[in-house]
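*Asks:*
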Amino acid sequence: TATGNPIEVLGQVDPVPGHSINLTIDMKLQQIAENTLKDQMLKLQTAKNNPFPNAKRGAVVALNVKTGEVLAMVSIPSFDPNMFARGITQIEWDGLVNNPLKPLVNQTIASTYPPGSIFKMVTATAALENKMANERESIYCRGVYWTIASKKDWKPGGHGSVNIIKAIAESCNIFFYEMGRRVGIDEIEKYARMYGFGELTGIELAGEKAGSVAGREYKKSIFKSSENKRWYPAETLDAAIGQGFHSFTPLQVADYIAALANKGFWMKPHLIKSIVDENGNVVLEKKPEIGGQVEVSEETLDIIRKGMLGVTQPGGTAYSVFADFPISVAAKTGTAQWDVTKTPHGWFAAFAPYEDPEIAVVVFIEQAGSGGSTGGPVAKAILESYFHLHEDDEKEDYLIQR
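Residues 19 to 420 in our numbering are what the sequence shown lists, from first letter to last.
(1) By Cβ distance, which residues of its chain are closer than 6 angstroms to Gln-311, with the 5 residues on each side in sequence left out?
(2) For Val-83, which three-state DSSP category applies?
(3) Could you tell me which residues DSSP pairs with Ala-354 in its beta bridges?
(4) So who's on the other strand from Ala-378, going by DSSP bridges?
(5) Can you tell which of Val-379, Asp-256, Ala-272 and Gly-233 has the C-alpha that lies nearest to the C-alpha of Arg-248?
(6) Taking buried to mean at least 16 other C-beta atoms within 10 Å of its own C-beta, is Ile-109 buried or exposed?
(7) What does the alpha-carbon distance come out to for the pair Val-115 and Ser-96?
(8) Using the three-state DSSP reduction, which class does Ala-51 fall into: helix, strand or coil?
(9) Here's a check: name, in chain order, each residue in its chain whose Cβ is nearer than 6 angstroms to the Cβ of Ile-293, leaving out the five neighbours to either side.
(10) Along the beta strand (DSSP E) that carries Glu-303, what are the first and last residues, could you check?
(11) Apart from the five residues on each side of it in sequence, which residues of its chain come closer than 7 angstroms, Cβ to Cβ, to Gly-175?
(12) Would you identify the three-state DSSP class for Gly-178, choosing helix, strand or coil?
(13) In this structure, does DSSP put Asn-100 in helix, strand or coil?
(14) For the putative contact between Ala-258 and Phe-194, defined by C-beta atoms under 8 angstroms, what is the C-beta separation to the nearest angstrom?
(15) Can you give the Cα-Cα distance for Gly-260 and Lys-138, rounded to whole angstroms?
(16) Under three-state DSSP, which class holds Ser-265?
(17) What is the DSSP secondary structure of Ala-349, reduced to helix, strand or coil?
(18) Taking 7 angstroms as the limit between beta carbons, can you name the residues of its chain near Gly-269, skipping five residues before and five after?
(19) Throw me the rounded Cβ distance for the Met-101 and Ala-151 pair, which I believe falls under 8 angstroms.
(20) Looking at C-alpha atoms only, which residue of Asn-124, Leu-62 and Ala-368 is the closest neighbour of Ile-91?
(21) Taking the alpha-carbon of Glu-153 as reference, which of Glu-402, Ile-322, Ala-367 and Gly-333 has the nearest alpha-carbon?
(22) In angstroms with no decimal places, state the Cα-to-Cα distance between Glu-235 and Lys-66.
(23) Near Gly-86, which residues of its chain fall below 8 angstroms by C-beta distance, leaving aside the five closest residues on each side in sequence?
(24) By Cβ distance below 7 angstroms, which residues in the same chain neighbour Phe-70 in space, the five residues on each side in sequence not counted?
(25) What's the gap between the Cα of Gly-113 and the Cα of Gly-105?
(26) Among the residues of its own chain, which have a CB less than 7 angstroms from the CB of Glu-205, if the five just before and after it don't count?
(27) Going by DSSP, what residue range makes up the beta strand (DSSP E) through Ile-192?
(28) Does DSSP put Trp-111 in a helix, in a strand, or in coil?
(29) Just curious, the beta strand (DSSP E) that Met-91 is in, first and last residue?
(30) Taking a contact to mean a Cβ-Cβ separation below 7 angstroms, would you say Asn-181 touches Ser-156 in this structure?
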């Protein structure tokens with residue numbers, strides 16, 4: 019009735035005990051990732067010298083590269099899910115949905131960003147596979163590029179003589195502008211898609227975005243006038259260093275790093291480890307599944323990995339962060355421009371150990387500037403925890419095993 023009294027019972031379904039889900043998340047690693055990212059963002063916002071007041075959104079993804087298990091997944095700002103369990107008030111709901119920092123959005127899968135220099139391994143792949151570059155050839159970087167359009171390097175005066183390994187380690191824009199000119203946008207797009215960009219990862223979460231890959235067809239799809247639909251050579255240069263029309267999620271970047279670590283394969287990322295019933299019987303056990311493969315030579319991947327190792331070694335863009343790290347880390351830093359009037363985003367992506375990779379870590383902070391100095395310390399803390407470097411007995415055992 020209108021007063022809520024039942025008129026007739028048509029049937030009844032008794033409740034049954036639900037199943038329990040075991041996640042792949044490593045709780046200790048998750049806490050380290052979340053707390054370290056929060057602390058780093060606060061430091062950036064409040065720094066006395068050169069602060070980054072808008073570094074208020076960030077994300078972390080850590081993957082087991084051999085299985086695809088998500089070990090940590092952080093999106094800041096976040097919210098307390100218990101608000102929904104106890105019954106969220108209208109004021110609380112309005113506070114969440116009207117917050118310009120969008121705490122309800124899982125940035126690891128539902129926000130896309132230009133990758134900046136972490137994309138350079140894609141361009142390196144295209145150049146090496148097309149025989150447009152090799153380990154022996156060097157290009158002299160004076161800090162400016164003028165073959166197609168006037169472009170500058172991030173380092174005034176340039177990097178001097180660089181081969182592809184040094185170009186990755188020092189993130190030389192001039193080298194990759196030239197590689198972009200040589201291979202062209204179609205090959206850059208081809209290999210970007212081969213690494214899984216522009217496609218959903220398939221993780222068991224709602225709201226994932228596929229992002230976009232720079233290319234002729236994509237540009238045609240977003241502009242109406244024929245003049246704007248045309249692809250220009252200068253746009254190829256932008257695409258070669260991860261700028262322009264590229265836009266990826268942190269989880270996609272984690273898959274990409276895992277592929278570089280794992281001989282060209284990446285495992286499908288997943289959060290569910292198993293599902294058990296009320297009696298403890300396993301209803302579903304998630305097994306590793308190949309997510310994709312980059313069909314390139316082992317030599318190409320070896321050269322690129324050498325460049326990534328150089329990032330954390332003397333002269334590399336993250337050496338200052340990892341100079342005292344006892345385990346070899348292959349990495350790439352990124353500073354992604356997205357609005358000429360605003361501070362670039364910062365990326366840091368890595369895998370370790372270099373010799374036999376186990377874990378891939380990606381850190382992203384909006385409007386934080388250089389990824390090496392901003393995201394690098396967060397990744398370092400996560401790797402320290404993963405390898406038990408602050409627990410003397412476990413550290414000693416691990417290093418002996420290595």
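All C-beta atoms in this analysis are idealised placements derived from N, C-alpha and C, irrespective of residue type, glycine included.
*Replies:* Quick answer:
(1) As a first step, residue 311 must be located in the sequence shown, where it is residue number 293. The residues are Gly-282 and Phe-283.
(2) Counted from its first residue, the sequence shown places residue 83 at position 65. Coil, per DSSP.
(3) As a position in the sequence shown, residue 354 is number 336, starting the count at 1. For Ala-354, which the question treats as bridged, DSSP gives the partners His-363.
(4) For the purposes of this step, residue 378 is taken as the residue at position 360 of the sequence shown. In the DSSP output, where bridge partners are listed per residue, Ala-378 has Leu-81 and Phe-369.
(5) Taking the sequence shown and counting its residues from 1, the one referred to as residue 248 is at position 230. Per the Cα distances, Gly-233.
(6) Translated into the one-based positions of the sequence shown, residue 109 becomes position 91. Ile-109 comes out exposed.
(7) Position 97 of the sequence shown, counted from the first residue, corresponds to residue 115. Position 78 of the sequence shown, counted from the first residue, corresponds to residue 96. Whole-angstrom Cα-Cα distance: 12 angstroms.
(8) Indexing the sequence shown from 1 puts residue 51 at position 33. If DSSP states are grouped into helix, strand and coil, Ala-51 belongs with the helices.
(9) As a first step, residue 293 must be located in the sequence shown, where it is residue number 275. His-37, Ile-39, Val-301 and Leu-302, listed in sequence order.
(10) If you number the sequence shown from 1, residue 303 lands on position 285. Taken as a continuous stretch (DSSP letters only), the beta strand (DSSP E) holding Glu-303 covers 300-303.
(11) Locating residue 175 in the sequence shown gives position 157, where the first residue counts as 1. Within the same chain, Gly-175 has close Cβ partners Gly-161.
(12) Taking the first residue of the sequence shown as position 1, residue 178 is located at position 160. If DSSP states are grouped into helix, strand and coil, Gly-178 belongs with the strands.
(13) One-based indexing of the sequence shown puts residue 100 at position 82. Asn-100 falls in the helix class under three-state DSSP.
(14) In the sequence shown, counting from the first residue as 1, residue 258 sits at position 240. In the sequence shown, counting from the first residue as 1, residue 194 sits at position 176. Yes, Ala-258 and Phe-194 are in contact; Cβ-Cβ is about 5 angstroms, under 8 angstroms.
(15) Mapped onto the sequence shown, residue 260 falls at position 242. Mapped onto the sequence shown, residue 138 falls at position 120. The alpha-carbon atoms of Gly-260 and Lys-138 are separated by roughly 7 angstroms.
(16) Taking the first residue of the sequence shown as 1, we reach residue 265 at position 247. Ser-265: strand per DSSP, three-state reduction.
(17) The residue labelled residue 349 in the question sits at position 331 within the sequence shown. Ala-349: strand per DSSP, three-state reduction.
(18) Working through the sequence shown from its first residue, we reach residue 269 at position 251. Reading off the sequence, residue 269 comes out as Leu, not Gly. Once the five neighbours on either side are set aside, the close Cβ partners of Leu-269 are Val-79, Thr-126, Ile-127, Thr-219, Ile-221 and Pro-287.
(19) Residue 101 sits at position 83 when you count from the first residue of the sequence shown. Residue 151 sits at position 133 when you count from the first residue of the sequence shown. Actually they are not in contact, since the Cβ atoms of Met-101 and Ala-151 sit about 53 angstroms apart, beyond 8 angstroms.
(20) As a first step, residue 91 is located in the sequence shown; it is residue number 73 there, counting from the start. Note that residue 91 is Met in the sequence shown, not Ile. It is Asn-124.
(21) Stepping through the sequence shown from its first residue, residue 153 is reached at position 135. That would be Ile-322, whose Cα lies nearest to the Cα of Glu-153.
(22) For the purposes of this step, residue 235 is taken as residue 217 along the sequence shown, with counting starting at 1. For the purposes of this step, residue 66 is taken as residue 48 along the sequence shown, with counting starting at 1. Approximately 46 angstroms, taken between the alpha carbons.
(23) As a first step, residue 86 must be located in the sequence shown, where it is residue number 68. For Gly-86, where only same-chain residues beyond five positions count, the Cβ hits under 8 angstroms are Ala-276, Trp-284, Met-285, Lys-286, Pro-287, His-288, Pro-306, Glu-307 and Gly-309.
(24) Taking the first residue of the sequence shown as position 1, residue 70 is located at position 52. The residues are Leu-62, Gln-63, Thr-361, Gln-385, Ala-386 and Gly-387.
(25) Translated into the one-based positions of the sequence shown, residue 113 becomes position 95. Translated into the one-based positions of the sequence shown, residue 105 becomes position 87. Whole-angstrom Cα-Cα distance: 15 angstroms.
(26) Mapped onto the sequence shown, residue 205 falls at position 187. So the list reads Ala-144 and Asn-148, once near-sequence residues are dropped.
(27) The residue given as residue 192 occupies position 174 in the sequence shown. Here Ile-192 belongs to no beta strand (DSSP E); instead the alpha helix (DSSP H) covers 191-201.
(28) As a position in the sequence shown, residue 111 is number 93, starting the count at 1. Three-state DSSP puts Trp-111 in a helix.
(29) As a working note, residue 91 is residue 73 in the sequence shown. Element bounds for Met-91: 88-94.
(30) If you number the sequence shown from 1, residue 181 lands on position 163. If you number the sequence shown from 1, residue 156 lands on position 138. A contact, by the Cβ cut-off of 7 angstroms.
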